[in-house]
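Number of protein chains: 2
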Amino acid sequence: MLDDRKKRVLQAIVEEYIKTAEPVSSNAIMNLEGLECSSATIRNEMAELEKMGYLEKPHTSAGRVPSAKGYRYYVDELLQTDKITLDEIKYISDKLETKINELEEITQIASSTISEITHYTTVSIGPSSDIQKIENIKFVLLSSRMMMGVILTDTGLVKETIIKFDEDITENQVQTLSYMFNNKLKGEPITKIDKPLEKYLVEEMRYSVNLIKPIIEQMKKVVEEESIHLEGANRLFELPEFNSLEVAKNFVNILDEKELMADMLNTGFAKDINVYIGEENEKEELKDFSIVTFKHRIGNKDLGTIGIIGPKRMDYAKVISVMKYISKKLNNENKDEE
Amino acid sequence: MLDDRKKRVLQAIVEEYIKTAEPVSSNAIMNLEGLECSSATIRNEMAELEKMGYLEKPHTSAGRVPSAKGYRYYVDELLQTDKITLDEIKYISDKLETKINELEEITQIASSTISEITHYTTVSIGPSSDIQKIENIKFVLLSSRMMMGVILTDTGLVKETIIKFDEDITENQVQTLSYMFNNKLKGEPITKIDKPLEKYLVEEMRYSVNLIKPIIEQMKKVVEEESIHLEGANRLFELPEFNSLEVAKNFVNILDEKELMADMLNTGFAKDINVYIGEENEKEELKDFSIVTFKHRIGNKDLGTIGIIGPKRMDYAKVISVMKYISKKLNNENKDEE
DNA sequence: TTTTAGCACTCTTTTTACTTGATTGCTAAT
DNA sequence: ATTAGCAATCAAGTAAAAAGAGTGCTAAAA
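Heads up: the sequence lines are chains A and B, in that order. For the first sequence, this note's numbering begins at 13 and goes up steadily by one. For the second sequence, this note's numbering begins at 13 and goes up steadily by one.
Structure follows, in structure tokens:
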């Protein structure tokens, strides 16, 4: 265990480094609250913290930088999650009060708000398809060979897609299809829309394959589609660590690989807010970054997951404070919706 | 006017510079076809071309680089638009033959194909809303206070949106609304969905404002929404000019400002393919880049506009060749759709 | 025993000077 | 009109030197 002064030194170094991105010297943090002693004393503490693995030295004559272990300790033990100003509270409230028509919009609004306040990049993704159940399916005839399929899920999400046929269809057929699909699928998980269902409908129920096949194919596609939303990709370029072109390129590549991100955000979590610091990320490409994931919900209705990507020296306190506030806000505002 | 050898020298320099991104020396282009003379002779021609404003020198002991005027002359007079290989033709054909469900998809497929072949970034945008007419409007009840509105336009586009109400609505009301909106709007430009219409429906036709207002608001929003699609944002980072962080940051900022791009692509064009070289771009932010816009269509059905963003030394010949081929292909393949 | 002042030592960063190499522009010969 | 030859120019690369920041250790003070 760390004694109180060591904790204070570690905290000061992490916070200073988050602010400046420069290795922190003993001079820089002396005389901070709780550290009213000489730089020599602090140097001694720093040397010990380094020996214990919480700090690192880029080279002999530089200051100290937190190690992954150091950040981890900071996040787990030292972090204060009320680092949010009145202005920020006002800003978030305003944003969340915008009139919302689709639940997906909440995720996007939350996502962009977080990006704006923290100045990091955010990625958001809807609730994963395996947990969603079908509440209602509708088909609408649009023109002689085209109809629209709409799925309403129990999480309040609406997924729609256009389906084209190679032959003309009638309003009557559409009605029958609506009725039949509803009957068959209401209450089932959306992943039920799949090949076996197609087979069943064609072979057992004797529906025309020309009709069923395009429907299943297209609906399956839309159901599986992860709609990934990115916010503030340019923000990270303001950070000094992005002065290395190496890192910058790396980052742009990460953003381009959407599956990677979707993967990240869908990994099973113990808690609603999870922090992955540098090397803790499973993916090699992410080891220079930290990621905080935030599964947000109203009541027990899963709305999706938001991921914040920033440098390892991300302002964890700010990020987590904002998330907690949004979470609270969502659940107060919308209590009546439950 | 430039004499033949000057044209040849200018062309050689532009093409060499496009290939290498290094200032071109007199040595590098001598002995190319049509330039069988000494480097001294070429130096004389280069000096003259510089005096006329077609070339520039980064510094005394460097080779020459084309000026904006040089590129412009090259694009207008020297460019050959059949610079497309058999492999590329095959690749494009394959891509365009994918089964397509929505017209919007064509634009995206064309856009990504162009990006893949040229290695530049592309931005695409659907047809501008002022030219589209309403072919059909449908409303579908989703749940007691929620319905979906679907607009089918004459360009084959489908725009849909979710509309929420503060009070319960019945299947009957939805039917009436469907009928009425269709009656009123069929054949009208989609921009007709606007405040005045709301006013008319509420005040003259005596519809409930609680019903009409959310509909108009939401439909107006979805109609005005420009869906911008980006492809290959990371490709530009392979180019040597992106080794300057300055330029890289600038580029990421451009990508983030979607309105800027939409603006660019919607600016009135004389021709279907337009080239804007560096400073010719109206927006300050774009002066280090060149942009080629491509308005593509099937018959006279406007499908949208694709913009290619690349460095000033973009391979104009390749880009324009690909566009012309796609344009031809679209109109042959889909002739029967007309 | 803990804290602190003092100072030599280390290593990066910045500065300066020097060398190399590519390319031009000019002159004079072809 | 073309070309060979060569001095002049300037970026880019290399090496050495100086400056600066921060530590770690020692010995004295609290």
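From the three backbone atoms N, C-alpha and C, an ideal C-beta is built for every residue, glycine too.
Check                                                                                                                 : Outcome
Proximal chain A residues relative to N265(B), where beta-carbon distance stays under 7 Å                             : N246
Nearest-angstrom beta carbon gap, Q230(A) and G161(A) [assumed within contact, 8 Å]                                   : 7 Å
Interface residues of chain B facing K150(A) [CB-CB closer than 9 Å]                                                  : V152, L153, L154, M160
Interface residues of the segment 247-262 of chain B facing chain A [CB-CB below 7 Å]                                 : F249, N255, L257, A260, K261
Contact with chain B by L315(A), beta-carbon distance below 7 Å                                                       : no
Chain B contact for L342(A) (CB, 7 Å cutoff)                                                                          : no
7 Å Cβ cut-off: residues of chain B touching D268(A)                                                                  : A245, N246
Cutoff 7 Å: V170(A) Cβ touching any chain B Cβ                                                                        : yes
Contacts of L164(A) in chain B (Cβ-Cβ under 8 Å)                                                                      : L154, S155
Selected residue, minimal CA-CA separation from M42(B), among K31(B), I54(B), E34(B), A33(B)                          : I54(B)
Which listed residue (E292(B), A52(B), N293(B), H308(B)) has its alpha carbon closest to that of D284(B)              : H308(B)
S141(A) to S38(A) span [Cα, whole Å]                                                                                  : 51 Å
Cβ-based burial, E172(B) [other Cβ within 10 Å; buried from 16]                                                       : buried
Nearest residue (CA-CA) to K81(B), options S302(B), L164(B), I289(B)                                                  : I289(B)
Neighbour list for Q230(B) in chain A, Cβ cutoff strictly below 9 Å                                                   : N113
Local Cβ density within 10 Å of E27(B), reported as buried at 16 or more and exposed below that                       : buried
Host alpha helix (DSSP H) of R309(B) (start-end)                                                                      : Premise fails: R309(B) lies in the beta strand (DSSP E), 301-310, not in any alpha helix (DSSP H).
Spatial neighbours of T165(A) in its chain, beta-carbon cut-off 8 Å, leaving aside the 5 residues before and after    : Q144, K145, I146, E147, K171, I202
Whole-angstrom distance between R247(A) and F301(B), CA atom to CA atom                                               : 21 Å
Close beta carbons around A33(A), own chain, < 6 Å, minus the five adjacent residues each side                        : P252
Beta-carbon gap between K95(B) and S333(B) smaller than 7 Å                                                           : yes
The segment 120-140 of chain B contacting the segment 319-326 of chain B, beta-carbon criterion three pairs below 8 Å : yes
Buried versus exposed call for A40(B) [16 or more other C-beta atoms within 10 Å across all chains shown]             : buried
Test: E350(A) CB closer than 7 Å to a CB of chain B                                                                   : Note on E350(A): pLDDT 36, under 50, position unreliable in the model; no value is reported.
8 Å contact criterion, which Y83(B) and K324(B) should meet: CB distance rounded                                      : 7 Å
Top-ranked residue by Cα proximity to Y328(A), from V287(A), D180(A), S339(A)                                         : V287(A)
Per-residue DSSP class, three states only, for I96(B)                                                                 : coil
Per-residue burial, Y219(A) [other beta carbons within 10 Å of its own, 16 or more giving buried]                     : buried
For I175(A), the residue or residues it bridges with in DSSP                                                          : M159(A)
Alpha-carbon spacing of A282(A) relative to L115(A), whole angstroms                                                  : 24 Å
Exposure label - P208(B); buried when at least 16 CB within 10 Å                                                      : exposed
Check whether L342(A) and T305(A) have beta carbons under 7 Å apart                                                   : no
Alpha-carbon to alpha-carbon, K225(A) and G232(B)                                                                     : Correcting the residue type first, residue 232(B) is Lys in the shown sequence and not Gly. Approximately 34 Å, taken between the alpha carbons.
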